[in-house]
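Chains as they are written, first to last, in my numbering: chain R, 10 to 767; chain L, 10 to 767.
Built from N, CA and C at the ideal position, the CB exists for glycine as well.
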């Protein structure tokens, strides 16, 4: 007997275009969602009636895998959707961060969730006694695209409920599109799987392709760029009609970090992955099956694993939030809490052990090349288990020695700094990087001249803590093998914070710094650290996406070009006027500011110099918000400029209130902040190479109260290149309503402390 | 001023061919070593004047890497060598294994070490005040090729001393050649990066290519074959003139497992790696730069990592030993200790806690499909941290439940078995394999019906231990994250042995079961286990290479097609007459013998059946040496054949003496063994599908002493297919000098116990 399919005719074709329209609480931001004629999810977004994102598709291409037959899904989540359900709701709540720029944060948004279904039929062959036939079996699976619409932007994410037809899938790539309205100015970094330490480029979107090659510092051994139009987030843009637009992501956990690939008029196909083993973009090795979007569209591009795949997912799960922030006022880009708000609440029961930290450290002189992390030149290479360190001949340039560390402890104690970072304390630095060496550090064994017990005891006796350093050399397997013991050692000696590092290529080989597995690793370390009441400051880890709300022991990240580059050839003076718009959107940066002696040649053989004035350096403690702030220069340099250093002694790094007074990307930033639990205000202003005249209206001060105002400003003839150490310190009494007019030198800035009179 | 190079003319060309000739202690094996006219290391080997390995090249191709400029070497170690030094010495020592086939092992060899140097010049550009010029800089680096020549074969390895010019390198592939003398018969498995559980093929070398496709069980999801002529080691061969030749490796630690690629008359180029993401051999993607050897030459082919590279090395280091065993007597292939001897001595100070173990377990009924590892059908997938197991609805087929485990404990206690394995005790089995799921098990949380404390207490009260099970699902990162806690849990409840499993694809994705990193992982687990006094029995791990000498807590491995396949369609009757020649060369196998009810349909829905008689099953406890032996069938099946089970109760699994009486690969094996510390002898014989008549000369018994002899033999009409349960048990008194003639049925065997009369 033969049976014909009864269901074959019932294929559901989504002929109708459905649409949801949602406005933000104050109506400034409007989001439209619809399905196009192929059932592709589509959205657009406007701000005060002006388009921000033109109609753009959403979806994910899934990968084929040999385990597909066992239940791993490989049908893409790109099109053929019908709308099953829509839900709209409003949330208005206020929460208190453990640390931050403000004491409380309001989370006020309108949410729109579209439940979408794909239906398909599939032949099923049956064979049994007396009957053979082919049937069309009907399948359905559902996803949710959830939008949160704020007055200053949107977030959206894909959610994958647990269901019979969707349990596991591999991501070939996420295809979230962001179609811009024109040839915006953008502040961008080359999209790269392994480094985010390049200089920011400022160009029109149409100029990205032409500038990519020189934008990449090919000398950086970690370079792994994937496309001539690939850029990183947070991407700050400014439209020709004056809108500030920022694309980034929030709550990126156990998912690959997103880049953006710009479709321009030369794009033939989207890049799907970097050629294996290469570190340079290649002609598209595996083109997407879906039509190319219009020029000026950014398309998400996730960081792959060693096999080129972008993610292994198990439902229930979701992607990170994709964020588009928008304003016609640049200050709002800095004041926005959209990314923190899109993260989950604090996951730690007890956060009493987490505290803002000002620190100095045995670090800068090694970066500059005056002393070393390593201890001996005796060996061409090191095997940790084969060396008796007590018998090794020291080369005499090892910085992390008892005498020097005590000197730093004394300095910290005298100046009210909380902790002292010591890098190079543990064995293994002789050959630590870029040799594919797995067992590179044990995070346990100090060099013979670093008495870990004595130094911690000494520090504690002076009310100071040591700050631990774990350079992993990106050998993550090795770090995870030692992690528990390393944290136990910290607990034993009284360390409560660790700076981690991920220099060099990832081991296991083929993986990338920003892949799903590495993002999982970074968060694994943060969670394990929390169990031990340890704060984490991760360098070279993936750029943050606000996870510090959920895990506030993640007190810092590097994840951008930090002060160290001032010793590697320097960074442009506008660098620090860009970072708050880009890198800092996701969380604080351990920028390690405070270089007072900017000409390194004055005390070392290093020809490099920091492109900043002393007053500009002081400003960074305010304009570059972080609960963890370093005074990075040498104690003896601070002692030479002790009157200026007074500001670093005074400044807080946790705040009840923050008011951005002036801002323009790559030009200048001026911010006033009220120190947590006090009535003291601090104001900082930083500018680019052109200088700036800041107007500081003291509206924020308590009316009727007098404040002792100390102004650390660039001297009249100060200049980041020719006269960086020229500053003035002016003290006066001020009150609310007054306006201070302060001139910032090229590459300069200013800092003000305002203490209420008793 | 311009200077011309003075050194340019001094390039050393190795024009002279040097040669070392070394004979084994009794002169049977002779090794020749030389450098050919291109400075390529070359060796050949003979046995009793007959060639075994014709002149064959040795060397390693190194990989290019982006870090080359930083000191990572990329000049291949293939040719251009000169002989710097030769050393010859003789060693004769005897050592005591912690467990084994004999109480002592003699290690008697002649060693030959050739120190070889490569010289090269390299242009160096100098630029200074008043002088510019190009100089030829002279470089030299050295390696050692070390041979150990035994009376029954050779081992050789490459050693890389620490030196200025050779510190780190990446291996593109090792190119050790083994040129055979003709078209030998070989017992081979398809070379595969991820599985060694195929049926052995018996063919001429020239037939390998033609048979490869059907030799691969493409249904096995782990298949990753790399070449149509790639085979695994240990590779057993027999030459047309009757020499038994075996190629394998010894002491493979932190190095990729070796395969062999046969050059035949169709070979155009050597395969260098499997195509990324594929699981099938592909046309050579990256041909070697060196000339192809002659047909009938095997060339080493290492298992790659996710990027296709074969190893990351840091000097001082060495490769594993490459072994060629040879004899004109097949019994010597089984009696040889060459591979154990080439391993390092025991690395553990205290081995008192390591003991031979006979065990039963909650296992076979799950393999057969009668019950399950998993507990519930409630969820389409499982996230360990999101399920309250006490509220889950059990499906009722969960085998690892209190009642059943107690039944097994009672059975073990009653029958003198040491331990009871319980698989499926811990949560996560609902969706454990092949979904790229990282966090698949926690190795901590029992299912609600497995009372871990009660069951261990109950077992201990009866003098029995439970045997832990850690299926990792090949998610090695997850296992390493939980390892310490998992071992602490074992210590807490009194487990002293763990069976580990590595089913499915390796996570991190792209890695392979036999890569350098995975071999490091397996040994890492063994070392960590030793710290906790835990014995390890690793399934699906890399095939052993004698590391159990160094780490005797590695009491077993699967690493081949085990008894489980009798429930997956069956294995050929000759399978167990091949394994001792191949898989067992490197160390014991947890073959899990002892199936008495071979027709699974009798008690389950499984149509498969074991191709063995009951007497044959008993023989395996002797012919398949292991210090860990399972009685794999169900207690109720043993209770039905309690008289036959008496042999399993009696038989030892640690020995003072072992004498191979008869052997021919794939035909039959007969062995006599004296139980450690006793005067009891046991004899076992196992044959293929053709049956065999064994002659057991009782020469090994103490003269003048009488022994109570119990013979468990196939009944006259026994047959593995039609009458597998027909056996006879005969008791008689025997003495030295007598000969027993025992008929083994097709697929059958026999077992004998010989106890001295009191």
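Taking only the alpha-carbon atoms, compute the straight-line gap between residue i and residue j and give it to the nearest angstrom.
| i | j | result |
| --- | --- | --- |
| residue 618 (chain R) | residue 643 (chain R) | 15 Å |
| residue 633 (chain L) | residue 589 (chain L) | 6 Å |
| residue 286 (chain R) | residue 73 (chain L) | At residue 286 (chain R) the pLDDT is 43, less than 50, meaning the model places this residue with poor confidence; the figure from the coordinates comes in the next sentence. Going by the C-alpha atoms only, they are around 10 Å apart. |
| residue 177 (chain L) | residue 431 (chain L) | 44 Å |
| residue 389 (chain R) | residue 397 (chain R) | 15 Å |
| residue 159 (chain L) | residue 240 (chain L) | 25 Å |
| residue 768 (chain L) | residue 500 (chain L) | With chain L covering only 10 through 767, there is no way to say anything about residue 768 (chain L). |
| residue 718 (chain R) | residue 765 (chain R) | 9 Å |
| residue 370 (chain R) | residue 426 (chain R) | 10 Å |
| residue 598 (chain L) | residue 316 (chain R) | 33 Å |
| residue 421 (chain L) | residue 439 (chain L) | 29 Å |
| residue 31 (chain R) | residue 544 (chain R) | 40 Å |
| residue 342 (chain R) | residue 662 (chain R) | 21 Å |
| residue 507 (chain L) | residue 492 (chain L) | 12 Å |
| residue 166 (chain R) | residue 735 (chain R) | 50 Å |
Since residue i contacts residue j with CB under 8 Å, what's their CB separation in whole angstroms?
| i | j | result |
| --- | --- | --- |
| residue 678 (chain R) | residue 694 (chain R) | 7 Å |
| residue 407 (chain R) | residue 381 (chain R) | 6 Å |
| residue 270 (chain R) | residue 305 (chain R) | Between residue 305 (chain R) and residue 270 (chain R) the Cβ distance is about 12 Å, and since that is not below 8 Å, they are no contact. |
| residue 751 (chain L) | residue 705 (chain L) | 6 Å |
| residue 149 (chain R) | residue 127 (chain R) | 7 Å |
| residue 761 (chain R) | residue 692 (chain R) | 4 Å |
Which same chain residues end up closer than 6 Å to residue i when comparing Cβ atoms and leaving out the 5 residues on each side of it in sequence?
| i | result |
| --- | --- |
| residue 103 (chain L) | 113 and 115 |
| residue 757 (chain R) | 622, 624, 625, 723 and 727 |
| residue 293 (chain L) | Below a pLDDT of 50, predicted positions are generally treated as unreliable, and residue 293 (chain L), at 49, falls in that range; the measurement from the model is reported next regardless. Excluding positions up to five away in sequence, the list reads 278 and 280. |
| residue 646 (chain L) | 605 and 606 |
Span of the alpha helix (DSSP H) holding residue i?
| i | result |
| --- | --- |
| residue 206 (chain R) | First-last for residue 206 (chain R): undefined, no H or E at that position. |
| residue 651 (chain L) | 651–659 |
| residue 323 (chain L) | Taken as a continuous stretch (DSSP letters only), residue 323 (chain L) belongs to no alpha helix (DSSP H), being part of the beta strand (DSSP E) at 320–323. |
| residue 470 (chain R) | 461–470 |
| residue 526 (chain R) | 525–540 |
| residue 219 (chain R) | 217–224 |
Can you tell me where the beta strand (DSSP E) holding residue i begins and where it ends?
| i | result |
| --- | --- |
| residue 741 (chain L) | 736–744 |
| residue 373 (chain R) | Segment 373–377 is the alpha helix (DSSP H) holding residue 373 (chain R); no beta strand (DSSP E) there. |
| residue 245 (chain L) | 244–247 |
| residue 182 (chain L) | 177–183 |
| residue 165 (chain R) | 162–169 |
| residue 213 (chain R) | 210–213 |
| residue 431 (chain L) | 428–431 |
Looking only at its own chain, which residues have a Cβ that is under 7 Å from the Cβ of residue i, when we skip the five neighbours before and after it?
| i | result |
| --- | --- |
| residue 138 (chain L) | Caution is warranted here: a pLDDT of 48 is assigned to residue 138 (chain L), below 50, making its placement in the model unreliable, and no coordinate value can be reported. |
| residue 260 (chain R) | 329, 330, 351, 352, 353, 554, 555 and 556 |
Quick one: residues in its chain with C-beta nearer than 8 Å to the C-beta of residue i, no 5 flanking neighbours on either side, listed in chain order?
| i | result |
| --- | --- |
| residue 460 (chain R) | 411 |
| residue 347 (chain R) | 159, 161, 162, 164, 259, 332 and 334 |
| residue 174 (chain L) | 82, 148, 149 and 150 |
(request) Tell me the start and end of each unbroken beta strand (DSSP E) in the region 606–642 of chain L that is at least 3 residues and wholly inside, in chain order. (result) 637–639
(request) Within the region 53–90 of chain R, note down every full beta strand (DSSP E) run reaching 3 residues or more, in order along the chain. (result) 59–66 and 69–71
(request) Entirely within the region 651–725 of chain L and at least 4 residues each: give me those alpha helix (DSSP H) ranges in chain order. (result) 651–659
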